[in-house]
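**Student:** Structure incoming, see below.
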Amino acid sequence: MTPFVRIQNIGEFIEQEVTIKGWLYNKRSSGKLRFLLVRDGSATIQCIVSKNDIPAEVFENCDLLTQESSIEVTGRVSRDERSPLGYEIQVSNLSIVQIAEEYPISKKEHGVDFLMDNRHLWLRSSQQHAILRIRHEVIRAAREFFDQRDFILVDSPIFTPNAAEGTSTLFETDYFDGKAYLTQSGQLYGEAAAMAFGRIYCFGPTFRAEKSKTRRHLTEFWMIEPEVAYFNLQDDMQLAEEFVAHLVQSVLKNRLPELKVLERDISKLENIKAPFPKIHYREAVAMIKKENPAFIDGDDFGAPDETIISEKFDRPVIVHHYPAAVKAFYMKRDPQEPEYALAMDMLAPEGYGEIIGGSQREDDYELLIGRIRDHGLPVENFQWYLDLRRYGSVPHAGFGLGIERTVTWICGIKHLREAIPFPRLMQRIYP
Ligand code: 4AD
Ligand code: MG
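Heads up: the sequence shown begins at 0 in numbering that gives the first Met the number 0, then just goes up one per residue.
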């Protein structure tokens, strides 16, 4: 029995006979030779079949192979400096697992709708493959970052009785005889967990009924949210910049070939080291007004406003002290200037916009219950959350980083829908 080898490890088997199991990506023939490009999910390798070296029926089988047919190939590994992988296989045997029907995705250009309808197959192409490997690295590095700093992962529920991020984007669902909402953020549960463990993070899917059809919004996206007891806004911003620098540097270190497939300008990512610039909302408004005089002081930023700010810097910029009026009920106000919240957003460069939203939380019982009422939220559903301010309340802060926004920026791609395996958008829930 020859060893079954993943293509990415094939360099360990030079001049040895191995078996690979995969799919036909492409093929070419020239006289008594057949060149099969085989991918197995880890990498792609050229397999050379020469008529004189193998049984006649095996050679004939090569001509039956269609794109994406599944095959097992046995042969001898040799160096091939011209190929991207650096190796090739001289085939001694080939068996067909299945002959694929005519594959709908060809080498020619397809429209986005067609590709999205075929997302389950599109994942196999090199560009999508590279993006999802980078996504994997971002998630791995994110968990590594918090794990190394003694944060405990505490999962938050998906079904919730209350809104965390405003009632306009809630997905409501039947829950036996009552109603539940799909979570918009794990934060409120993260705060409870931070009071139990000191420093925690949650990581999971979050849901928002976004009616906007922008390239920055999904209805289902993944968020990683640290929450830390005894942290203030300054501590929070520092954690966020170290975190994002770690994500980018990890992708550069571990996924350079994938960034090259995407033709990403690497120099733009190499800059991403802490500290990041930090500006007060007031300074940000002054920058915006020079280019967009119609902007009203006190408003939240639109995507074009974020672009105006982020274009001024070569690394992510943190804007802090947003007007409390445009931010969530749970944010603490600055005692020195109470019209501003102890809030921060991190904006990615190159026009990618907000990737992080965070804040120091209101820790005073009376102020918090007042905010819940002011926002028209049902106080009875927040009793458990208010308890956190009754039993040993402490200053605390945290943030949420959107995985797809971050991956989109790091990959340098245009639209969030390619940064998640199966995107959910206002008009898309298939496949
Ligand atoms: O700024 P947001 O709404 O903050 C929160 O949810 C806080 N509760 C987080 C916290 O403090 N623990 O969302 C955080 C991030 C955004 O910066 C963005 O990256 C991402 O989540 N995000 C979305 N990503 C894709 N599609 C959407 N519709 C998104 N909405 C937010
Ligand atoms: Mg936000």
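Virtual Cβ for every residue (Gly too), placed ideally from N, Cα, C.
Assuming Thr182 and Thr205 are in contact, meaning their beta carbons sit under 8 angstroms apart, how far apart are those beta carbons, in whole angstroms?
**Tutor:** About 6 angstroms; that satisfies the 8 angstroms criterion.
**Student:** Would you tell me roughly how many angstroms separate the C-alpha atoms of Cys201 and Ser69, rounded to the nearest one?
**Tutor:** So the alpha carbons of these two residues sit roughly 39 angstroms apart.
**Student:** Since Gly301 and Arg215 should fall inside the 8 angstroms C-beta cutoff, what is the C-beta to C-beta distance between them, to a whole number of angstroms?
**Tutor:** So it is not a contact: roughly 11 angstroms between Cβ atoms.
**Student:** Taking 6 angstroms as the limit, name every residue whose beta carbon sits nearer than that to some heavy atom of the ligand MG, in sequence order.
**Tutor:** The set, ordered by position in the chain, is Asp344, Glu353 and Gly356.
**Student:** Start and end of the beta strand (DSSP E) containing Leu32?
**Tutor:** Segment Leu32 to Arg38, the beta strand (DSSP E) holding Leu32.
**Student:** For the ligand 4AD, is there a heavy atom less than 7 angstroms away from the beta-carbon of Phe145?
**Tutor:** No, since every heavy atom of the ligand 4AD falls outside the 7 angstroms radius drawn around the Cβ of Phe145.
**Student:** With a threshold of 7 angstroms, establish whether the CB of Gly203 neighbours any heavy atom of the ligand 4AD.
**Tutor:** Gly203: no, Cβ never under 7 angstroms from the ligand 4AD.
**Student:** Under the DSSP definition of a beta bridge, which residues are partnered with Cys201?
**Tutor:** According to DSSP, Cys201 bridges with Glu224.
**Student:** Which residues mark the beginning and the end of the beta strand (DSSP E) in which Thr182 is found?
**Tutor:** It is not in any beta strand (DSSP E) - Thr182 carries neither H nor E in the DSSP assignment.
**Student:** Spell out the partners DSSP gives Gly21 in its beta bridges.
**Tutor:** BP columns for Gly21 point to Ile70.
**Student:** Do His216 and the ligand 4AD come close, with the Cβ less than 7 angstroms from some heavy atom?
**Tutor:** Yes, Cβ of His216 sits closer than 7 angstroms to a heavy atom of the ligand 4AD.
**Student:** Heavy atom of the ligand 4AD less than 7 angstroms from the Cβ of Phe220, yes or no?
**Tutor:** Yes, since a heavy atom of the ligand 4AD falls inside the 7 angstroms radius drawn around the Cβ of Phe220.
**Student:** How do the stretch 254-262 and the stretch 217-227 stand: do at least 3 beta-carbon pairs fall below 8 angstroms, yes or no?
**Tutor:** The answer is no - the stretch 217-227 does not touch the stretch 254-262, with fewer than three Cβ pairs under 8 angstroms.
**Student:** For Tyr321, which three-state DSSP category applies?
**Tutor:** Tyr321 falls in the coil class under three-state DSSP.
**Student:** Return helix, strand or coil for Lys277, following the three-state DSSP convention.
**Tutor:** Strand, per DSSP.
**Student:** Using only the heavy atoms of the ligand 4AD, determine whether one of them is closer than 7 angstroms to the beta carbon of Leu415.
**Tutor:** Answer for Leu415: yes, Cβ within range of the ligand 4AD.
**Student:** Under 8 angstroms: do the stretch 420-429 and the stretch 136-154 share three or more Cβ pairs, one atom per stretch?
**Tutor:** No, the stretch 420-429 is not in contact with the stretch 136-154.
**Student:** Could you please give me the residues that DSSP links to Phe312 through a beta bridge?
**Tutor:** Answer by DSSP bridge pairing: none, since Phe312 is not bridged.
**Student:** Which residues does DSSP list as the beta-bridge partners of Glu417?
**Tutor:** Partner(s): none; Glu417 has no beta bridge.
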